Structure formats: C-alpha cells, structure tokens
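To start, the structure itself, in structure tokens.
Residue numbers (UniProt numbering): 1 to 235.
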C-alpha cells in the first residue's frame with residue numbers, strides 16, 4: 001500500500017443536487033474495469049477489476065475537492081458545486097477492515113472487501129426483493145446517500161461510527177477559495193484549541209471572528225481537514 005495523508009476527490013462531470021462528501025468518496029473507490037490485461041504467467045488476455053480502498057488512515061486527513069476543470073479550448077474554469085460535508089466523518093465504509101483488529105466486533109463481510117462495497121451489495125439484494133434499485137440507500141447518486149447527519153453510515157443494525165472508532169474523524173478546519181480559477185483569496189474556518197474546541201473561527205489575513213458551526217458547514221469547501229480528535233486513544 002501507499003502511505004498518504006491527503007486525497008483529491010473529483011467532482012462528477014455534471015452538477016448534482018444534494019451532493020455530499022460521501023458521494024465523492026463512494027465514487028473514488030468504485031471498481032474500474034481494465035480490458036485486455038495479459039497474464040505474465042499464462043499470457044492469457046482477460047478483463048480485470050481494479051479496486052481502491054483505504055487501509056491505514058492518517059491521524060490527520062486532508063480532503064481536497066478538485067474544483068478546477070479545463071475546457072477543450074484550454075481555458076481553466078472553477079466549479080461552484082455545493083458539496084455537503086459533516087462535522088463528524090466515518091471513513092469505515094470506504095476502508096478495508098480486519099475483524100478483531102480494527103473493529104470492536106466482527107462483521108459478516110470478512111476482510112477482503114470494503115464495508116461500502118459489501119453494504120452496497122447486501123442492500124442491493126434487499127432492495128431488489130422489495131422492488132428498489134438499491135443505489136440511493138447506501139451511497140448512490142441520489143439525495144439519500146446513506147451518510148447520516150453525523151457522518152456515520154448505517155447498514156442494518158450496524159453503525160459504522162460506533163463499530164470503528166479508529167476510522168471516525170472530526171472536522172478541524174475548512175479552507176474556502178473565493179474568486180476565479182486563476183485568481184482569488186483563501187480564507188479558513190478553524191476549530192478552536194483546547195477548552196475552545198467547541199468554537200469556530202473565521203480567519204482572513206488579519207480578520208478573525210467567531211462564527212457558528214452552521215456557517216462553517218454551509219461554506220463552499222475547497223479543502224477539508226479532519227483529525228481523530230485530542231481525546232482519541234488511537235495514535
């Protein structure tokens with residue numbers, strides 16, 4: 001595996017209402033079909049599936065939302081899509097999990113697939129029997145992305161935030177860019193430190209003011225910084 005502390009999440013080709021960070025993470029780990037792959041041993045040409053998930057998560061996670069696109073003419077453009085993000089984010093649905101090592105309890109899916117993929121397949125089977133498509137319920141393109149307001153994803157009686165505390169992050173800072181793609185200004189929303197960790201501050205050059213969490217969560221994020229929190233027992 002490759003070590004990392006930041007990820008870049010591209011936006012969908014067309015703007016979608018109700019888009020959330022969970023949708024972007026789900027798209028990021030979607031399997032990719034590779035055609036005409038030749039085996040080094042038998043030289044047979046077959047189709048393979050490439051899958052990317054997260055294994056060892058960093059103590060501080062930086063998420064970059066790629067808002068810059070290029071037109072066929074070569075002109076650069078900044079996208080203003082609204083992307084919802086939670087104050088508490090569980091990365092468990094997008095990670096490999098070894099029962100008994102990374103979790104408080106074992107899961108029925110084993111350790112050879114991500115919880116998102118396993119939950120998607122199980123939910124699709126359940127919804128197909130009920131006449132549904134199974135996509136929106138677990139993190140598809142619809143408004144019901146499967147991420148709760150707290151950022152923990154539910155599947156049946158399992159709540160990922162409670163099952164996998166090591167994969168649970170709290171929002172630490174948000175960077176917002178104002179202006180066009182080739183010019184503008186960056187401002188930061190920052191969580192307070194120590195006793196003020198429940199407070200949020202807007203910072204722009206020499207301007208610093210306290211703001212409500214609602215203003216933070218409604219901002220047009222360019223970069224998100226999450227950490228496991230000072231009270232976490234995981235390094």
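Backbone N, C-alpha and C define an ideal beta-carbon position, used for all residues, glycine too. Bear in mind the structure is a predicted one, so any value in this text is a computation, not a measurement.
Could you give the first and the last residue of the continuous beta strand (DSSP E) run that contains residue i?
{"i": "residue 210", "result": "207-211"}
{"i": "residue 204", "result": "200-204"}
Using only the heavy atoms of the ligand SAH, determine whether one of them is closer than 6 Å to the beta carbon of residue i.
{"i": "residue 42", "result": "Among the components modelled here there is no ligand, and therefore nothing to report on the ligand SAH."}
Which one or two residues does DSSP pair with residue i in a beta bridge?
{"i": "residue 226", "result": "61, 171"}
{"i": "residue 6", "result": "62"}
{"i": "residue 187", "result": "176"}
{"i": "residue 221", "result": "176"}
Taking 7 Å as the limit between beta carbons, can you name the residues of its chain near residue i, skipping five residues before and five after?
{"i": "residue 213", "result": "87, 200"}
{"i": "residue 216", "result": "174, 189, 200"}
{"i": "residue 184", "result": "177, 178"}
{"i": "residue 203", "result": "187, 188, 190"}
{"i": "residue 181", "result": "68, 76, 77, 78"}
{"i": "residue 53", "result": "29, 94, 95, 96, 114"}
{"i": "residue 10", "result": "66"}
{"i": "residue 8", "result": "64, 66"}
{"i": "residue 81", "result": "11, 15, 19"}
Closer than 8 Å by C-beta to residue i: which residues in its own chain qualify, once you throw out the five before and the five after it? Chain order, please.
{"i": "residue 6", "result": "61, 62, 63, 64"}
{"i": "residue 219", "result": "174, 176, 189"}
{"i": "residue 172", "result": "60, 190, 191, 225, 226, 227"}
{"i": "residue 221", "result": "65, 83, 85, 174, 175, 176"}
{"i": "residue 208", "result": "201, 202"}
Taking residue i and residue j to be in contact with their CB atoms under 8 Å, please state how far apart those CB atoms are, rounded to whole angstroms.
{"i": "residue 55", "j": "residue 96", "result": "5 Å"}
Residues in the same chain with beta-carbon distance under 6 Å from residue i, minus the five sequence neighbours each way, listed in chain order, please.
{"i": "residue 73", "result": "none"}
{"i": "residue 4", "result": "none"}
{"i": "residue 211", "result": "200, 202"}
{"i": "residue 31", "result": "49, 51"}
{"i": "residue 25", "result": "94"}
{"i": "residue 58", "result": "5"}
{"i": "residue 34", "result": "48, 50"}
### Message
List, from N- to C-terminal side, the beta strand (DSSP E) runs of 3 residues or more that fit wholly inside the stretch 12-96.
### Response
32-38, 45-50, 60-66, 68-70, 76-78, 88-90
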